[in-house]
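Taking it in order: structure first as structure tokens, then the write-up.
Residue numbers (the UniProt record's numbering): 1 to 297.
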């Protein structure tokens with residue numbers, strides 16, 4: 001069963017005269033019941049990730065990285081240093097280190113409570129960096145690019161610890177398996193790979209799909225991973241659930257989008273909630289799925 005959320009039609013009336021230089025604005029509503037804040041970016045937002053329970057990090061076409069409070073909507077920190085648009089952002093949950101990838105072929109590391117400039121610089125890719133995953137302890141970083149390579153880095157020293165190239169492996173996304181040395185990677189060659197970060201070698205490749213794999217995510221228990229597909233006209237555009245520990249095969253598919261599924265994510269599981277996932281698509285919808293029963297393949 002899938003639930004769909006369509007286009008968000010904003011009814012908020014923006015009054016630019018209310019904005020202050022630091023980004024916050026005057027109170028609105030009875031007794032100051034709500035606040036408005038200026039946008040975190042001046043152009044399209046390209047990536048967003050969780051940082052702490054009440055904070056998120058975002059990157060945009062304006063070449064900047066912003067740390068915002070999702071509770072208040074306020075942009076608390078803004079980092080600039082990339083020469084072209086930011087393509088991906090990530091962090092180790094509850095860490096103070098933020099990582100950003102860019103079309104300028106580099107990755108930068110920022111300290112949440114540090115100076116405005118980057119704490120570390122990771123050059124080395126020949127094309128736009130499109131994949132970014134940090135180890136749970138934030139000591140190592142994996143990056144992927146359209147140059148067909150995946151690299152591993154020491155986040156403290158900036159040293160490149162390994163580089164692996166696979167023909168036609170145009171990386172679209174990376175994510176680290178919680179508590180494990182494994183990294184999941186999706187590619188324009190229609191495959192989803194599992195990398196062993198210790199030797200930077202492919203430990204497993206799932207069967208190729210019919211369309212480009214655009215994104216991936218891993219469940220918090222490390223048992224499953226998701227990948228999403230490109231598509232159009234109702235062909236493709238599915239998300240696929242893969243078993244990481246037992247069969248290392250396909251568990252089920254989630255079909256319902258009519259255009260490319262651009263993102264997929266496991267939703268936090270509550271004590272009384274069944275495992276669920278969410279997908280977003282170029283068809284202007286977000287769909288919520290029951291992980292165990294939706295679209296079983």
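Every residue gets a Cβ at the ideal spot worked out from N, C-alpha and C, and that includes glycine.
Being a predicted model, the structure only gives us computed values, none of them experimental.
Taking residue 92 as the centre and dropping the five residues before and after it, the same chain places the C-beta of 134, 135, 136, 137 and 138 closer than 8 Å to its C-beta, in chain order.
Nearest neighbour of residue 180 by Cα position, chosen from 244, 126, 237 and 132, turns out to be 244. Here residue 234 has 258 as same chain residues with Cβ atoms under 7 Å from its own Cβ, once five neighbours each way along the sequence are excluded. In the structure shown, the three-state DSSP call for residue 113 is coil.
With fewer than 16 other Cβ atoms inside 10 Å of its own Cβ, residue 208 counts as exposed. Under DSSP, the beta-bridge partners assigned to residue 98 are 91 and 110.
Spanning the alpha carbons of residue 87 and residue 200 requires a straight line of approximately 23 Å. Residue range 286 to 290 is occupied by the beta strand (DSSP E) that includes residue 287. Closest in alpha carbon position to residue 95, among 155, 47 and 127, is 155. Under the three-pair Cβ rule at 8 Å, the segment 272 to 290 counts as touching the segment 248 to 264. In the three-state reduction of the DSSP assignment, residue 52 falls in the strand class. Residue 253 sits in a strand when the DSSP states are folded into three classes. DSSP, reduced to helix, strand and coil, places residue 234 outside both helices and strands of the structure shown, so it counts as coil.
Shown here for residue 69: same chain residues with a beta carbon closer than 7 Å to its own, the five before and five after excluded, namely 54, 55 and 76 in chain order.
A Cβ-Cβ separation of about 4 Å places residue 230 in contact with residue 260 under the 8 Å criterion. Residue 151 and residue 194 have their alpha carbons spaced roughly 14 Å apart. For a cut-off of 8 Å, the C-beta gap from residue 81 to residue 117 is around 6 Å, short enough to register as a contact. Note that the C-beta distance between residue 237 and residue 226 is not below 9 Å.
Within the model, the alpha-carbon separation for residue 175 versus residue 204 is close to 15 Å. Taking 9 Å as the cut-off, the Cβ atoms of residue 206 and residue 250 count as close. Pairing residue 129 with residue 98 gives a Cβ-Cβ distance that is not under 9 Å.
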